[in-house]
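Here the structure comes first, spelled out in structure tokens, and everything after it is commentary.
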Amino acid sequence: MKADDPELAATAEAILWREWCRSGDPETDRLFRAGVDAMQNRRLEESEEFFTGVIQRQPGFAEGWNKRATVRYMRRDFSGSISDCQETLARNPHHFGAASGQGLCHISLGEFREAAICFRRALEIHPHLNAVRHNLALAEAEGGGSGYLN
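Residue 37 is where the sequence shown starts when you use my numbering, and the numbers rise one by one after that.
Printed below as a string of structure tokens:
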């Protein structure tokens, strides 16, 4: 992801997402796809239930936690989403999506320093995320510190 070639980074990202969405268990994968479908169709309560089922079946599957974090963010349950992002990162420390998503939750809660820390973590993993770079600048402008080590 740290390659200088943005096209190569985009290809690597697509491969990672495809791999991250596979649990290795057909039933878990079926529940996961049902949760994604419900989320895409804005049936958020139903989607959260599917992802909770995924987590109960396979608690080590990081993307189950990440998708539930996304649904919780969409439902404006920012604290619940932050908790799920942390669970995702505990299972997959390279999950730039969870780090960025956690940052968005912190921004929504007015926690700009915490948001900046999360956005920096995402950029350490995947420096080609322009939206995350923009969000980092916003968080820093709101008091989240500046520079790499804050």
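Quick reminder that beta carbons are idealized off the backbone N, C-alpha and C, glycines included.
No experiment lies behind these values; they were computed from the predicted model shown.
Terminal residues of the continuous alpha helix (DSSP H) containing residue i?
i    : result
H130 : No alpha helix (DSSP H) holds H130; DSSP gives it neither H nor E.
C57  : Neither: C57 is in no alpha helix (DSSP H) and is coded neither H nor E.
A152 : 148–161
E82  : 80–93
N77  : Element bounds for N77: n/a, residue is neither H nor E.
A173 : 166–175
Going by beta-carbon coordinates alone, are residue i and residue j separated by less than 9 Å?
i    : j    : result
D120 : R93  : no
H130 : E49  : no
F132 : L172 : no
T64  : G100 : yes
S136 : V168 : yes
F97  : R127 : yes
G71  : S83  : yes
State the DSSP-derived secondary structure class of residue i, mapped to helix, strand or coil.
i    : result
H142 : helix
L185 : For L185, the predicted model reports a pLDDT of 39, less than 50, meaning its position is unreliable and no value from the coordinates is stated.
R112 : coil
G96  : coil
D40  : coil
A46  : helix
G179 : helix
Item to check | Contact between the region 88–104 and the region 139–150 (3+ Cβ pairs under 8 Å) | outcome: no
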